[in-house]
Amino acid sequence: MLQYDPVFYSRLLTELTLAFHIIFATIGVGVPVMIALAEWRGIRTGDPHYTLLARRWTRGFVITVAVGVVTGTAIGLQLSLLWPSFMRIAGQAIALPLFLETFAFFVEAIFLGIYLYTWDRFKNKVTHLLLMIPIVIGSSASAFFITTLNAFMNTPRGFTLEDGVIKNLQPLAAMFNPATPTKVSHVLASSYTTSAYILAAIAAYKLLKGSDHAYYKKALKLTVTAAFVFSLATAAIGDLSGKFLAKFQPEKLAAAEWHFETEREAPLVLGGVLDENHEIKYGLSIPYGLSILAHGTPGGEVTGLNEFPEDERPPLYIHYLFNLKVAFGMYLALVGFLYLLRQKWTRGRALPKWLLAAIIAAGPLAMITIELGWFFAEVGRQPWILRGYMKVSDAATTSAHVDAMLLLFCLLYLLLGVTVVRVLSKLFRNYDVIQEMISLGIEKGGLRS
14 MLQYDPVFYS RLLTELTLAF HIIFATIGVG VPVMIALAEW RGIRTGDPHY
64 TLLARRWTRG FVITVAVGVV TGTAIGLQLS LLWPSFMRIA GQAIALPLFL
114 ETFAFFVEAI FLGIYLYTWD RFKNKVTHLL LMIPIVIGSS ASAFFITTLN
164 AFMNTPRGFT LEDGVIKNLQ PLAAMFNPAT PTKVSHVLAS SYTTSAYILA
214 AIAAYKLLKG SDHAYYKKAL KLTVTAAFVF SLATAAIGDL SGKFLAKFQP
264 EKLAAAEWHF ETEREAPLVL GGVLDENHEI KYGLSIPYGL SILAHGTPGG
314 EVTGLNEFPE DERPPLYIHY LFNLKVAFGM YLALVGFLYL LRQKWTRGRA
364 LPKWLLAAII AAGPLAMITI ELGWFFAEVG RQPWILRGYM KVSDAATTSA
414 HVDAMLLLFC LLYLLLGVTV VRVLSKLFRN YDVIQEMISL GIEKGGLRS
């Protein structure tokens with residue numbers, strides 16, 4: 014029988030909550046950008062299909078926002094209940110971004126309500142589009158402030174710790190720590206990429222099922238084009254993140270690449286199996302790859318994992334998280350490139366089924382990549398919850414009932430997950446796009462593809 018360990022259950026519950034919340038947080042950050050692009054495209058071209066895209070995406074977005082509020086509240090609750098020692102030490106330093114995130118969400122929620130209920134209320138359509146600007150800013154700002162909190166946990170700055178008490182606190186220095194630029198930009202770009210591919214997968218699915226309507230073709234073109242651009246930005250920022258790790262978290266980079274000895278001209282290892290002597294078998298080694306990733310030059314010196322005490326080394330399985338994340342990211346960029354290439358050279362011809370299937374797969378794979386990225390970021394910081402100051406084992410609660418909380422939250426997330434799927438399915442099944450086009454006068458009754 015598994016022995017009760019409050020640290021283990023606290024970690025498990027926090028991981029579960031974050032993994033569930035990140036789905037809705039990602040959609041909450043990325044979909045407003047796609048809604049704005051669709052409505053802007055509709056106004057610019059005078060094409061009502063793009064405006065209808067924005068209208069329908071907004072309805073689904075509102076539902077995911079509601080669930081994101083619940084899971085976000087759960088995270089705030091669990092920070093205090095599961096990690097009281099961490100909050101006692103770091104609570105003052107992270108209070109500012111937490112407050113600003115709440116303010117950003119209120120801005121987003123207020124303007125989202127106005128935006129949702131003012132379709133066709135303005136003579137100038139640009140006025141309605143302008144309402145989306147504070148929604149996009151609010152959602153991205155929420156991600157910014159929360160990510161600065163996570164960045165602070167990786168590179169704590171802006172305070173001194175004396176006898177377990179924070180002194181000389183500088184809130185802005187804590188918020189704008191060295192990890193903030195790369196972490197925030199990576200979170201935003203990857204959220205935009207993932208949301209675009211999720212919407213693209215829906216359009217591709219409809220086309221694969223035989224619907225040849227122009228509405229879905231335009232939706233696919235808009236979303237995949239945006240996803241490709243955002244995926245390139247994500248890759249570029251990922252390269253900068255590697256250089257950040259080499260400077261500020263070398264133990265994470267070394268563990269991710271199974272790099273044990275400090276050396277120049279270090280190779281990048283993909284896949285493989287690590288034996289008890291730290292020898293890598295069956296892996297693909299790219300000469301100079303790790304030095305280039307870490308320093309931008311083949312001769313760059315990469316710190317090895319042996320430079321760190323064994324009890325301060327991240328788990329070595331993060332190597333696979335890193336590899337999968339990179340592989341899936343390359344897949345997303347490749348799918349977008351192939352789609353745009355096909356569009357350029359075969360204008361007007363139907364897309365092949367294999368490409369539509371690849372775009373459909375890109376939707377869930379993009380979300381899995383987000384999950385892998387967060388697990389890599391959080392597990393790669395282990396054993397620290399506040400790097401260099403406090404370990405996870407010292408931060409957790411000693412309560413004897415965390416396992417019961419885990420069960421309750423599992424049931425809550427199961428209920429929320431089933432509910433949101435059923436509500437979204439019913440929302441779009443009962444009032445499909447053709448019926449809405451007819452009701453809005455975009456198409457005449459009886460025309461159906």
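Numbering (my numbering), first residue to last: 14 to 462.
Heads up, the beta-carbon is just placed ideally off N, CA and C, and yes, glycines get one too.
CB contact flag (residue i, residue j, <8 Å)
| i | j | result |
| --- | --- | --- |
| residue 326 | residue 391 | no |
| residue 337 | residue 385 | yes |
| residue 409 | residue 19 | yes |
| residue 312 | residue 278 | yes |
| residue 415 | residue 22 | yes |
| residue 167 | residue 442 | no |
| residue 298 | residue 315 | no |
| residue 243 | residue 206 | yes |
| residue 180 | residue 356 | no |
| residue 91 | residue 26 | yes |
| residue 98 | residue 324 | no |
Continuous beta strand (DSSP E) stretch holding residue i: start and end
| i | result |
| --- | --- |
| residue 173 | 173 to 175 |
| residue 179 | 178 to 180 |
| residue 298 | 297 to 299 |
| residue 271 | Residue 271 -> no beta strand (DSSP E), and no H or E assigned at all. |
| residue 440 | No beta strand (DSSP E) holds residue 440; the alpha helix (DSSP H) holding it covers 415 to 442. |
| residue 329 | Neither: residue 329 is in no beta strand (DSSP E) and is coded neither H nor E. |
For residue j and residue i, the rounded distance between their alpha carbons
| i | j | result |
| --- | --- | --- |
| residue 6 | residue 33 | Residue 6 lies beyond the stretch modelled for the chain, which goes from 14 to 462, so this question has no answer here. |
| residue 124 | residue 116 | 13 Å |
| residue 403 | residue 397 | 6 Å |
| residue 375 | residue 208 | 11 Å |
| residue 269 | residue 171 | 28 Å |
| residue 273 | residue 285 | 15 Å |
| residue 518 | residue 271 | Because the chain here runs from 14 to 462, residue 518 falls outside it and cannot be looked at. |
| residue 341 | residue 379 | 7 Å |
| residue 220 | residue 231 | 11 Å |
| residue 128 | residue 440 | 19 Å |
| residue 65 | residue 350 | 26 Å |
| residue 162 | residue 108 | 9 Å |
| residue 377 | residue 371 | 11 Å |
| residue 182 | residue 354 | 53 Å |
| residue 287 | residue 450 | 58 Å |
| residue 253 | residue 152 | 24 Å |
| residue 226 | residue 363 | 11 Å |
| residue 460 | residue 438 | The predicted position of residue 460 is uncertain, since its pLDDT is 44 and thus under 50; no value can be drawn from it. |
| residue 143 | residue 193 | 29 Å |
| residue 448 | residue 228 | 13 Å |
| residue 126 | residue 72 | 11 Å |
| residue 257 | residue 223 | 47 Å |
| residue 412 | residue 302 | 46 Å |
| residue 262 | residue 191 | 11 Å |
Nearest residue (CA-CA) to residue i, options the options
| i | options | result |
| --- | --- | --- |
| residue 173 | 184, 164 and 73 | 184 |
| residue 215 | 369, 175 and 411 | 369 |
| residue 382 | 25, 39, 137 and 28 | 39 |
| residue 121 | 175, 358 and 147 | 147 |
| residue 135 | 106, 229 and 56 | 56 |
| residue 322 | 339, 401 and 366 | 401 |
| residue 118 | 72, 250 and 78 | 78 |
| residue 131 | 92, 104 and 68 | 68 |
| residue 251 | 296, 236, 202 and 261 | 202 |
Proximal residues to residue i (C-beta, below 6 Å), its chain only, five neighbours per side dropped
| i | result |
| --- | --- |
| residue 75 | none |
| residue 334 | 385, 388 and 389 |
| residue 210 | 240, 375, 376 and 379 |
| residue 110 | 158, 161, 162 and 188 |
Delimiting residues of the alpha helix (DSSP H) encompassing residue i
| i | result |
| --- | --- |
| residue 26 | 19 to 58 |
| residue 466 | In the structure displayed, the chain extends from 14 to 462; residue 466 sits before or after that span and is not available. |
| residue 455 | No alpha helix (DSSP H) contains residue 455, which DSSP labels as neither H nor E. |
| residue 367 | 366 to 392 |
| residue 397 | Not the alpha helix (DSSP H): residue 397 falls in the beta strand (DSSP E), residues 397 to 399. |
| residue 318 | Looking at the DSSP string, residue 318 is not in any alpha helix (DSSP H), and its letter there is neither H nor E. |
| residue 170 | First-last for residue 170: undefined, no H or E at that position. |
| residue 251 | 227 to 261 |
| residue 196 | 193 to 221 |
| residue 70 | 61 to 95 |
Cβ neighbours of residue i in the same chain (closer than 7 Å, five flanking residues each side left out)
| i | result |
| --- | --- |
| residue 84 | 30, 33, 34 and 37 |
| residue 320 | 275 |
| residue 113 | 158 |
| residue 318 | 264, 267, 268, 272, 273 and 326 |
| residue 304 | 277, 278, 279, 310, 311, 312, 313 and 315 |
| residue 200 | 156 and 160 |
| residue 248 | 342 and 346 |
| residue 139 | 56 |
| residue 462 | The predicted position of residue 462 is uncertain, since its pLDDT is 41 and thus under 50; no value can be drawn from it. |
| residue 204 | 39, 42, 43 and 156 |
Close Cβ partners of residue i (< 8 Å) along its chain, the five nearest in sequence each way excluded
| i | result |
| --- | --- |
| residue 70 | 44, 47, 48, 51 and 212 |
| residue 81 | 34, 37, 38, 40 and 41 |
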